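Remarks on the structure that follows.
Numbering (my numbering), first residue to last: 392 to 586.
This is the structure in structure tokens:
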């Protein structure tokens with residue numbers, strides 16, 4: 392009669408994986424405009440990871456690797472897409488008077504991709520703490536000291552780069568101006584009212 396209908400009605404592994412990837416991409420697309428909640432979620436995942444490290448009293452090499460990964464992504468987030476230190480004569484223009492078209496600061500790693508990489512890396516490191524093969528015994532104060540030295544030297548180099556090429560990678564949104572006309576009722580806001 393109807394042979395193979397059971398197998399045909401079940402989705403294949405590839406179809407299930409494609410549906411899962413589509414669902415994940417849908418929620419990632421929906422989350423792009425919600426910057427604050429995304430970073431709160433990342434902070435929560437990172438706190439969960441550090442709680443796991445504290446409770447397990449191990450996996451310090453995984454934490455060190457995550458720290459280096461996050462530092463590398465942070466430096467890419469702060470760096471311009473067109474690096475002016477390369478020898479191709481490129482330099483970040485600071486005004487229209489330099490003969491080049493003024494272009495706004497473009498990051499090497501955009502904010503959403505920065506968040507996504509940091510969240511994926513932290514979730515991966517969190518999963519690694521459930522496998523004893525990654526619990527390599529190390530003296531963690533040395534790793535912590537080395538990480539802070541690396542962090543401060545890298546940030547010093549990045550800040551010097553920003554100072555030398557006169558760019559600021561952090562902006563707090565568009566400038567907001569007060570319209571004096573609206574404030575004083577010059578645009579008809581008070582029309583029709585009795586004085």
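Ideal Cβ positions, reconstructed from N, Cα and C, are used throughout, including at glycine. None of these values were measured; they are calculated from a predicted model.
For residue 527, there is no enclosing alpha helix (DSSP H), as DSSP marks it with neither H nor E.
One thing to note: residue 436 has its Cβ within 7 angstroms of the Cβ of residue 513. Judged by DSSP in its simplified three-state form, residue 501 adopts coil rather than helix or strand. Just so you know, the alpha carbons of residue 417 and residue 410 end up roughly 10 angstroms apart. Residue 468 places its beta carbon 7 angstroms or farther from that of residue 432.
Assigned with DSSP and collapsed to three states, residue 402 falls in coil, not helix or strand. About 28 angstroms separates the Cβ atoms of residue 537 and residue 471, ruling out a contact at the 8 angstroms cut-off.
Inter-residue distance for residue 534 and residue 404 is about 42 angstroms (C-alpha atoms, whole angstroms). Under the three-state reduction of DSSP, residue 560 is assigned to coil, being neither helix nor strand. In this structure residue 560 is in contact with residue 498, their Cβ atoms being roughly 7 angstroms apart against a cut-off of 8 angstroms. Rounded to the nearest whole angstrom, the C-alpha separation of residue 450 and residue 539 is 18 angstroms.
Here residue 464 is near residue 509, since their CB atoms are less than 7 angstroms apart.
Taking the CA atoms as reference points, residue 552 sits about 13 angstroms from residue 473.
The alpha-carbon of residue 548 is positioned some 30 angstroms away from that of residue 444. Shown here for residue 424: not one same chain residue has a beta carbon closer than 8 angstroms to its own, the five before and five after excluded. One Cα belongs to residue 407, the other to residue 503, and the distance between them is close to 26 angstroms. A Cβ-Cβ distance of about 6 angstroms is found for the pair residue 462 and residue 542, placing them in contact under the 8 angstroms criterion.
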